[in-house]
Amino acid sequence: MNKVKIIAEIANAHQGDFKQLIELIEKSKSTGADAIKFQWFKYDSLSTPDYEWHEIYKTLFFNEGQWIEVLKYCKELDIEVWVDVFDEWGIEMARKMQSLYHGIKLPSTIIQSKAILESILSIKKPLLIGIGGWNNEELEGLFLKIKDYEEEVIYLHGFQGYPTKTEDSNIIRITEMKNKYNLRVGYADHEDASKQTAINIPVYAYFAGAEVIEKHITLDRSLKGYDYYSSLEPEEFKEMVKAIEDAQIISGTLVIGEAERNYLSGALRAVAKTDIKKGQYVSLENVTYKRCSDSEALMPNEFEENIAYIASKDIKANEPINPKYIKKAKITIAVVGRLKSTRLPKKALLKLNGITSIERCIINSLAVPYVDEVLVATSFLEADKELENANLSGKIKVIKGDPENVLDRLLTVVEQTEADIILRVTADCPLVSPEAVEILIKEHISRQAEVTLTDLNHAVGIAADVFDSRSLKKLKSQDNEFKYTEYLSFYFKNNPDLFNLEIVSLPKKFRYPNWRLTLDEPQDYKLFQTIYEDLNVQETPVLFEDIIKYFEGNPEIAEINDNILLKWKADQKLIDEINKSTRIKLM
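Residue numbers for the sequence shown follow numbering that gives the first Met the number 0, beginning at 0 and rising by one.
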C-alpha cells in the first residue's frame, strides 16, 4: 500500500487568536503530521448578518496579510499546507496565494454548487473533496465533472457530525468507492476524541485503503473551544501518527523480504525420484518434492511451469533439481504438406468456410497445450510456393526443405527451431484433435519414449506422430535408401531394436475408427465443407468433442466418405513394399 498522508486539521481550534494559531502549527509539525489544513472564509462572504454564527465568524477571521504570514512560516517549517474554502472570499484567496500552499479541500457542503466547483477547478491545484453525507447516485455526477481534471484528486469519506458516533464511521465505504469507481480515497475522522477509537479508527481506515487521513488537532481539549469534540491534543495526535506508521510497516510491500525468503529455504523442492540419465525427460513421473539443502533447487510451482525438462547431466535419485542441471524441452508441431496430390489437386489450399484446409490444420495445432511453436514444413519446389502464404497472415513460419524426403524436411525443422520434441501433423488433417495430441505429448514424456505413435482404433486424421529430435537424427544415421519417408512411422514400427517406440491407445472418447477425417478425395472435401459450413466456424479451433456432438446429431454426414480406404491399407502390394523398404539391416 502507498504511504498514507496525515493531515492535522487546525480548522477553528485557534479560537481567533493569532499566537495560538502559530502554536498549533508548531505542535502539528512536532506530531509527525505530513500536512496541516486551514479554513479560509470571511464572515460577510460566508453568511448573512442574521445567521446565528455570523458574529462568531467575525471573531475567527484572519485577514489576507495574516494568512500570508502564516503560509510563509509553514514554508520555513517545511510542512505541507492545504486550505478549506467555503465562500467567494476564500476562493479569491486561494487564487491569489497559489504559490504558498499545496492543495485545496472542498467541503462536502459545497460540492453541489456548480459555480463554486468550476471556480476551484480553474485554480488547478491538487484537490481533496469531502463526500460525507452524499450517496453514490448523487456523487456520480460529480465524478463525471472531475474525471478529466489533470491535477491530483482524492475523495475524503467521513461523517461530518461532531462528534461522529462510532457506528456511523462506515469505513467499508472507502473500499467500496475504490473498487466500484476506481477512485483514490481518504478519510476525515470526527470520532469523539476522548475515546480510544479516535486513534484506532484512522488505522482501520488505512487498512481499508485510505490514502489520506485528516484529523482535528487542538492545544487543550478541556478548554472546550471551537471544534474541540473530535480534536486530539498534540501528544494524542502523535500517538495516532505512530499507530498509522506501525500499520504501514505491518502492511509491508509486495516485495518479498530477505528474511521471509530465507524462511523458504526449508520449503519443498523438486528432487529426483529415481536416477535420471543425461538427455532423459525430467517430469512429474520421475520427480518428487522434499526438503533439501540446495536453496536454488526448483520449488514445486517453478518446476510445474513446464510439462517437461531435459537433464543436462546425470541426476542421482534424491538429488535436488537445480536449474543448472536441466533445460526446458522445446515442443514444435510441423504441419507437413505439399501440393502434388492428383486425386484432389491443391487440396491443402481448398477453402473450408473461407479458410484453407491447411490453415484449419494450423489453427487446431495452435490449440494444443504445451506446444512452443507451430510451423509449416513444405518443399523448396516452385510447385509448392503457394504454401508460403498458408501462414495465418504471417503468424507462423514456413520452412522449406527436401521435396521427397520427409525425414530430411523434419530434420531441417529441428535444425532451424532447436526443437527437442517434434510432432508431425499432415496438412490434409484439418480436424487434428488438440485433445488427442495433448495426450500423446504427455504419454511420450511420461514413458521416456523416443517415438510415440497411435494404434488405429480411433478416428482417422485426428492424431500426430511424436518424435524425440534425436530419434530422427539416429534414423538418418542408418545406412538406408529412405525411399518411403512419406510413411515415416513405418521406419520406427519396423525397427523396434533401434528405437524406444511407444504405441498409445487413445481413450474411449476418440474410438470412432470408421470416421474418416482426412482430406484426400472429393468425398472428403464434401464432408469437411459440410461440417465447417454447418458449424459456421471462423478462425477458431474445432475440438473433437464438437465433432462427436455434430455427428451424433447428423449421422448421415459421417457416411459421406466412409467407403474410402486409406491407400496404404487398401493396396497390399504397396504395404509389402513399404514394410520391406523401411526395415533397416543392422550391421
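Even glycine gets a Cβ: it sits at the ideal position worked out from N, Cα and C. As the structure is a prediction and not an experimental result, all values here were calculated from the model.
Legend entry - Extent of the continuous alpha helix (DSSP H) to which Tyr531 belongs: 521-534
Legend entry - Straight-line Cα distance separating Ile67 from Leu126: 21 Å
Inset, instruction - At 4 residues or longer, and completely inside the segment 35-118: list those alpha helix (DSSP H) runs for me, N to C. - result: 42-45, 53-59, 63-76, 87-95
Inset, instruction - Label Ser29 either buried or exposed according to how many other C-beta atoms from any shown protein chain fall within 10 Å of its C-beta, with 16 as the threshold for buried. - result: exposed
Inset, instruction - Look at Ala246 and Ile314 and say whether their C-beta atoms are less than 9 Å apart. - result: no
Legend entry - Among Leu518, Tyr369, Ile563, Ala269, nearest to Pro433 - alpha-carbon criterion: Tyr369
Legend entry - Contact belief for Val373 with Val334 at Cβ below 8 Å, rounded distance in angstroms: 7 Å
Inset, instruction - Using a threshold of 9 Å, state whether the C-beta atoms of Ser580 and Glu449 are closer than that. - result: no
Inset, instruction - Closer than 6 Å by C-beta to Gly185: which residues in its own chain qualify, once you throw out the five before and the five after it? Chain order, please. - result: Ile153, Leu155, Ala209, Glu210, Val211
Inset, instruction - Quick one: residues in its chain with C-beta nearer than 7 Å to the C-beta of Thr58, no 5 flanking neighbours on either side, listed in chain order? - result: Gly15
Legend entry - Counted within 10 angstroms of its Cβ, other Cβ atoms place Phe463 as buried (16 or more) or exposed: Looking at the sequence shown, residue 463 is not Phe but Ala. By the neighbour-count rule (16 or more Cβ atoms within 10 Å), Ala463 is buried.
Inset, instruction - May I ask which residues mark the beginning and end of the alpha helix (DSSP H) holding Phe206? - result: 196-207
Inset, instruction - Could you name the residues that DSSP lists as bridge partners for Gly185? - result: Leu155
Inset, instruction - Can you tell me the Cβ-Cβ gap for Glu238 and Ile198, rounded? I've got them flagged as a contact below 8 Å. - result: 6 Å
Inset, instruction - Can you say whether Lys104 is buried or exposed, counting buried as having 16 or more other CB atoms within 10 angstroms of its CB? - result: buried
Legend entry - CA-to-CA distance, Gly64 to Thr108, given in whole angstroms: 27 Å
Legend entry - C-beta contact flag for Tyr280 and Ile444 at 9 Å: yes
Legend entry - C-beta atoms of Glu501 and Leu452 nearer than 9 Å: yes
Inset, instruction - Give me the Cβ distance between Leu23 and Ile216, rounded to the nearest whole Å; I'm assuming they're in contact under 8 Å. - result: 7 Å
Legend entry - Nearest to Asp34 (by Cα), restricted to the options Ser488, Trp81, Ile55: The displayed chain sequence assigns Ala, not Asp, to residue 34. For the residues Ser488, Trp81, Ile55, the minimum Cα distance to Ala34 belongs to Trp81.
Inset, instruction - Can you give me the Cβ contacts of Glu442 inside the same chain, cut-off strictly under 7 Å, excluding the 5 residues immediately before and after it? - result: Thr451, Glu501, Val503
Legend entry - Presumed contact (8 Å Cβ cut-off) between Lys277 and Tyr308, rounded CB distance: Actually they are not in contact, since the Cβ atoms of Lys277 and Tyr308 sit about 12 Å apart, beyond 8 Å.
Inset, instruction - For Leu349, name the three-state secondary structure that DSSP assigns. - result: coil
Legend entry - 6 Å CB neighbourhood of Val295 in its chain, flanking five on each side removed: Looking at the sequence itself, residue 295 is Glu, so the reference to Val does not match. So the list reads Asn321, once near-sequence residues are dropped.
Inset, instruction - Taking the CB atoms as reference points, tell me whether Gly413 and Ser468 lie closer together than 9 Å. - result: Correcting the residue identity first, residue 413 is Val in this sequence and not Gly. Yes, the Cβ-Cβ distance between Val413 and Ser468 is below 9 Å.
Inset, instruction - Determine the burial state of Gly353: buried for a count of at least 16 other Cβ atoms within 10 Å of its Cβ, exposed for fewer. - result: exposed
Legend entry - Distance CB(Pro429)-CB(Asn363) smaller than 9 Å: yes
Inset, instruction - Can you grab the Cα-Cα spacing for the pair Lys508 / Arg582, in whole Å? - result: 34 Å
Inset, instruction - List the residues that DSSP assigns as beta-bridge partners of His443. - result: His443 is not bridged to any residue.
Legend entry - Contact check, Arg515 vs Ala458, beta carbons under 9 Å: yes
Inset, instruction - Identify every run of the beta strand (DSSP E) within the segment 292-348, keeping only runs that are complete inside it and at least 3 residues long; order them along the chain. - result: 308-310, 325-327, 330-335
Legend entry - Sub-9 Å separation of Thr331 and Ile421 beta-carbons: yes
Legend entry - Between the CA atoms of Leu182 and Pro319 - distance to the nearest angstrom: 48 Å
Inset, instruction - For Asp167, name the three-state secondary structure that DSSP assigns. - result: helix
Legend entry - Sequence-distant residues of the same chain with beta carbon closer than 8 Å to Lys329, five excluded per side: Asp371, Glu372, Thr416, Glu417, Ala418, Asp419, Ile420
Legend entry - Thr47 versus Ala382, Gly31, Ala12, Asp86, residue with shortest Cα-Cα distance: Asp86
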